[in-house]
Amino acid sequence: VVLLVSGGHTLLVLMRNFGDYEIIGSTLDDAAGEAFDKVARYLGLGYPGGPAIDALAMEGDGAAIAFPRALRNEGYDFSFSGLKTAVVNHVRKNPDVSTADVAASFQEAVVDVLVEKARRAAVDFDAKGLCLAGGVAANSQLRERLLGACVADGLRGFLPSRSLCTDNAAMVAAAGYYALERNGPAPLDTGADPSMKLV
Numbered sequence: 005v006v007l008l009v010s011g012g013h014t015l016l017v018l019m020r021n022f023g024d025y026e027i028i029g030s031t032l033d034d035a036a037g038e039a040f041d042k043v044a045r046y047l048g049l050g051y052p053g054g055p056a057i058d059a060l061a062m063e064g065d066g067a068a069i070a071f072p073r074a075l076r077n078e079g080y081d082f083s084f085s086g087l088k089t090a091v092v093n094h095v096r097k098n099p100d101v102s103t104a105d106v107a108a109s110f111q112e113a114v115v116d117v118l119v120e121k122a123r124r125a126a127v128d129f130d131a132k133g134l135c136l137a138g139g140v141a142a143n144s145q146l147r148e149r150l151l152g153a154c155v156a157d158g159l160r161g162f163l164p165s166r167s168l169c170t171d172n173a174a175m176v177a178a179a180g181y182y183a184l185e186r187n188g189p190a191p192l193d194t195g196a197d198p199s200m201k202l203v
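Each number in the working numbering corresponds to the 1-based position in the sequence shown with 4 added.
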């Protein structure tokens, strides 16, 4: 099972082989990375928000604020817009709240949902491993918790190095390599498709 988490996507994908994918869960509203960016902007932490929240969360208490975990026990889809709104409302009602606690509690809520759904999908689909991908895959708490879940559940964990969690040519080259292996060379008159789906 692949957990793809970025600013534009939050997907759970059943990967049977390279090129053989099935989306089993996706976001119903904001992607997790988008929520990180919006919360960071609201807290005045700048852009990109993921690394800023990750760093500040290390100074805070992830249990300080009980932010909601939408759809936590329902299927494989995700929803983060309500969490983002809860953060904004909490800070407005509590202007003296520790920004580090807000960041840590927000991050804890996101990671709880991501890891729990990925684990459940791995069990339900009898997966041999969990693969983390996308920009949010650089998040230290997500990496630690997902690897811990893999160890606890007897799954192989696949995490890219942090340098490969940002936009890079390596992922496109790998996708091209496996597409070439599977389908052979593309015709020379093949055009560009900027909205091509990965799955």
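Here a beta-carbon is modelled for each residue, glycine too, at the ideal position from N, C-alpha and C.
Query, Result
"Assuming tyrosine 51 is part of the alpha helix (DSSP H), what are its boundary residues?", "Premise fails: tyrosine 51 is in no alpha helix (DSSP H) and is neither H nor E."
"Who are the Cβ neighbours of alanine 12 in its own chain at under 6 Å, not counting the five residues just before and after it?", "Going by the sequence as given, residue 12 is glycine instead of alanine. So the list reads Ala35, once near-sequence residues are dropped."
"Could one say the Cβ of leucine 16 lies closer than 9 Å to chain B's Cβ atoms, at least one of them?", "Included in the structure is just one protein chain, with no chain B present."
"Alpha carbons only, please: which of Val95, Glu26, Met62 and Gly29 is nearest the one belonging to isoleucine 69?", "Val95"
"Counting along the chain, where does the alpha helix (DSSP H) carrying glycine 161 start and finish?", "That residue, glycine 161, is in no alpha helix (DSSP H); its beta strand (DSSP E) goes 160-162."
"The beta strand (DSSP E) spanning asparagine 143 covers which residue range?", "Segment: none, asparagine 143 is in no beta strand (DSSP E) and carries neither H nor E."
"Return the CA-CA distance between asparagine 93 and glycine 37, expressed in angstroms with no decimal places.", "20 Å"
"Start and end of the beta strand (DSSP E) containing leucine 15?", "14-21"
"Tell me the DSSP secondary structure of glycine 11 in three-state form.", "coil"
"Should glycine 139 and proline 52 be called a contact, given that it needs their Cβ atoms to be closer than 9 Å?", "yes"
"Taking just the CA atoms, how far does lysine 97 sit from leucine 7?", "34 Å"
"With a cut-off of 8 Å on the beta carbons, I'd call alanine 125 and glycine 23 a contact; round off their distance for me.", "That pair is no contact at about 20 Å."
"Take alanine 74 and list the residues in its own chain whose beta-carbon comes closer than 6 Å to its own, dropping the five residues that flank it on each side.", "Ser83 and Gly86"
"List the whole-angstrom C-beta distance separating leucine 49 from alanine 104, where the pair is believed to meet the contact cut-off of C-beta under 8 Å.", "No, leucine 49 and alanine 104 are not in contact; Cβ-Cβ is about 11 Å, not under 8 Å."
"Under a Cβ-count criterion, where at least 16 other Cβ atoms within 10 Å of its own Cβ denotes burial, should asparagine 143 be classed as buried or exposed?", "buried"
"Hey, how far is the Cα of aspartate 3 from the Cα of valine 114?", "Nothing in the structure corresponds to residue 3, since the chain is present only between 5 and 203."
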